[in-house]
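Everything on this sheet refers to the single structure shown next.
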Amino acid sequence: MNRTRQTQKLLLVATVVVTLANATTIDDSSPSTALTTPCLLQQYLAKKLGDIQRKAAEAQQTFEANRQQTTQWLLASLKSTGKNRIAFALLHAMGEAENAEQRPRVTALQEAAATAATVVNRRLGAVAQAMLLSSGQISDDIDAVSGSPPTTPEVQLTFKPAPAIGVNCDLGTSGEISEGRKKLTDKTTTKISIIKDEQLKSLALSGKPILKCTKTDNTGQNWAQDSDNLKCTDANGGSTSNRKIKLMLGANRLFNTLAGADTDLKTGSTTKVCGDLQGVTNKLWPTENEVTAVICKGLDEAAAIQALSEIKLDSLAGNQHIKDAIATLYEKKATPTETVDILNDIFGKDAAAFEATYIKGAATTEYQYANGENTGSEQLSKIVAGSKVGSAIAVLRKTELLKPKETATGSKYEEKESDKKIDTEDKTGAKKEGDKKDECKATEEKDCDTKKCDWNKDKNECKVKEGAAVISYVMKAPLLLAFLLF
1 MNRTRQTQKL LLVATVVVTL ANATTIDDSS PSTALTTPCL LQQYLAKKLG
51 DIQRKAAEAQ QTFEANRQQT TQWLLASLKS TGKNRIAFAL LHAMGEAENA
101 EQRPRVTALQ EAAATAATVV NRRLGAVAQA MLLSSGQISD DIDAVSGSPP
151 TTPEVQLTFK PAPAIGVNCD LGTSGEISEG RKKLTDKTTT KISIIKDEQL
201 KSLALSGKPI LKCTKTDNTG QNWAQDSDNL KCTDANGGST SNRKIKLMLG
251 ANRLFNTLAG ADTDLKTGST TKVCGDLQGV TNKLWPTENE VTAVICKGLD
301 EAAAIQALSE IKLDSLAGNQ HIKDAIATLY EKKATPTETV DILNDIFGKD
351 AAAFEATYIK GAATTEYQYA NGENTGSEQL SKIVAGSKVG SAIAVLRKTE
401 LLKPKETATG SKYEEKESDK KIDTEDKTGA KKEGDKKDEC KATEEKDCDT
451 KKCDWNKDKN ECKVKEGAAV ISYVMKAPLL LAFLLF
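This is the structure in structure tokens:
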């Protein structure tokens, strides 16, 4: 029993040791500690580039989804009536404003990703070339002098370089950093590990060349000298005709090592900032500082944008674009309490119903479209993702233009704040205009009030001054309709 338990403990310990050896974290304390080979360093750099590119791609995907969602709300507002028409119009106005704000952020992310791709890929290529050259040999052993010595001071050597054997390193997929059984997890946010410029620019042979004295069978012999000569001979002296001198380069590489060095992403004594990117994409050979700067910039860009499909009912009252749309629609700046009341009146208070009606429901409703003489209908989610959206808008706008304009939308707030105000102002304006006409009824010039009226000598009549008539307020319904349609 004890022996069995001891065996189990040993197996458990062995499993833990293997797990620790195979799963290592790359953290900010010392990234280079885990990245011990050029291959791991290359994969790490490629992973950082992938993080930047994914960030930009996700933002672009969200932005496109938001654009389609906004178009859905536009079409839904054109097709709906009553409160639903106002509801979709408010959401459409919010979506357009959100998209206008998000577009520069998406562009900045895409530009940062494009710059990073150019610079990082060039750096990866430079390091890969160094890795490739370092996998070969400068030369095999060279027979420098053999047989009868030359009669000139110089001896020409013929190098026999061994070709590179290739780089056994793949960048992998999904940002994987692994070599053999070693798998690494990247957690770095403030530092990176990068091969320094000096290592790539300066050759560092992996060993010292050897000048060797041998016999013809390549067995080593001693160097010797007399008063006049340095000789390649054996210990017993004698003829040297069977001796030769060889230059031993063996497995010498161009680069002794290609190790990473920890580098801060941001620099500065007080305010930490990313490095300067001026002209960085014009460099055929980007420096370590330029590579660090583009990675810093790409990772430092604003976070991903919010999807409009994730908008919740309880967040509308705090959305500034919704507040602005309400102010435009009702021609007044609503208080927080009024804003909540308006939204409750339009959307209701049921969060699940809000999502079902205004987020998911609109997408599944079928809309008509026209393509020349051919007409059809399709779900809104498919229309806004294709080329039929323009036709669908045109069909709905045509319907709107041909049917009678409705002044009421079904919202008690719209009626209370707009229609009643309009009626009152129109009646007041009409009354004032009538009053002025009554004041200009004199039949003699001396009785005509010259401040408000003019005397027509030809007709011998008193009439209202030109331009003094009060123009009644324009009905607000066309303005409201324009807001809902556009």
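Going by UniProt numbering, the sequence shown opens with residue 1, and the numbers climb by one from there.
We treat Cβ as the ideally placed atom computed from N, Cα and C, and that holds for glycine.
It should be emphasised that the depicted structure is a prediction, and the values quoted were computed from it without experimental measurement.
- Taking the Cα positions, residue 356 is about 15 Å away from residue 346.
- DSSP places residue 50 in the uninterrupted alpha helix (DSSP H) bounded by 38 to 79.
- Around the beta carbon of residue 326, 16 or more other beta carbons sit within 10 angstroms, so the residue counts as buried.
- Judged by pairs of C-beta atoms under 8 Å, the region 85 to 97 does not touch the region 107 to 117, as fewer than three such pairs exist.
- Rounded to the nearest angstrom, the gap between the Cα atoms of residue 176 and residue 50 is 10 Å.
- The C-beta separation of residue 188 from residue 27 comes to about 6 Å, placing the pair in contact by the 8 Å criterion.
- DSSP places residue 450 in the coil class of the three-state scheme, outside both helix and strand.
- Within the same chain, Cβ atoms closer than 6 Å to the Cβ of residue 272 are found at 266, the five residues on either side in sequence being excluded.
- Approximately 30 Å separates the beta-carbon atoms of residue 76 and residue 110; this is outside 8 Å, ruling out the contact.
- Taking 8 Å as the cut-off, the beta carbon of residue 192 is found closer than this to the beta carbon of residue 263.
- If you look at residue 328, you'll find it in the alpha helix (DSSP H) that goes 320 to 330.
- Taken through DSSP and simplified to helix, strand or coil, residue 112 comes out as helix.
- Of all alpha-carbon atoms in 452, 291 and 48, the one lying nearest the alpha-carbon of residue 171 is that of 48.
- Counted as a single uninterrupted DSSP element, the beta strand (DSSP E) harbouring residue 179 occupies residues 177 to 179.
- The beta-carbon separation of residue 195 and residue 41, rounded to 6 Å, stays under the 8 Å limit for a contact.
- Here residue 351 has 313 as same chain residues with Cβ atoms under 6 Å from its own Cβ, once five neighbours each way along the sequence are excluded.
- Within a 10 Å sphere around the beta-carbon of residue 134 sit 16 or more other beta-carbons, which makes this residue buried.
- In the displayed model, residue 365 falls within coil according to three-state DSSP, outside both helix and strand.
- Remark: fewer than three beta-carbon pairs, one from each stretch, lie closer than 8 Å, so the region 66 to 75 and the region 209 to 223 are not flagged as touching.
- Rounded to whole angstroms, the separation of the alpha carbons of residue 132 and residue 200 is 12 Å.
- Assignment of residue 460 by DSSP, reduced to helix, strand and coil, places it in the coil class.
- Distance from the CA atom of residue 353 to the CA atom of residue 78, rounded to whole angstroms, is 21 Å.
- Between residue 260 and residue 32 a beta carbon distance of about 4 Å is seen, short of the 8 Å cut, so the two are scored as contacting.
- For residue 297, the enclosing alpha helix (DSSP H) stretches over residues 288 to 300.
- Residue pairing by DSSP puts residue 225 in a beta bridge opposite 230.
- Taking residue 457 as the centre and dropping the five residues before and after it, the same chain places no C-beta closer than 6 Å to its C-beta.
- One thing to note: residue 307 has its Cβ no nearer than 8 Å to the Cβ of residue 99.
- DSSP, reduced to helix, strand and coil, places residue 284 outside both helices and strands of the structure shown, so it counts as coil.
- The beta carbons of residue 276 and residue 293 sit closer together than 8 Å.
- Residue 297 holds the alpha-carbon nearest to the alpha-carbon of residue 190 among 344, 448, 320 and 297.
- For residue 155, the secondary structure class from DSSP, reduced to helix, strand or coil, is coil.
- Look at residue 245 here: in three-state DSSP terms it is strand.
- Secondary structure at residue 135: coil, using DSSP grouped into helix, strand and coil.
- Excluding sequence positions up to five before and after residue 440, its CB lies within less than 6 Å of the CB of 453, 462, 463 and 464, all in the same chain and listed in chain order.
- The residue among 46, 178, 121 and 159 with its C-alpha nearest the C-alpha of residue 25 is 178.
- In this structure, the alpha-carbon of residue 229 lies about 23 Å from that of residue 209.
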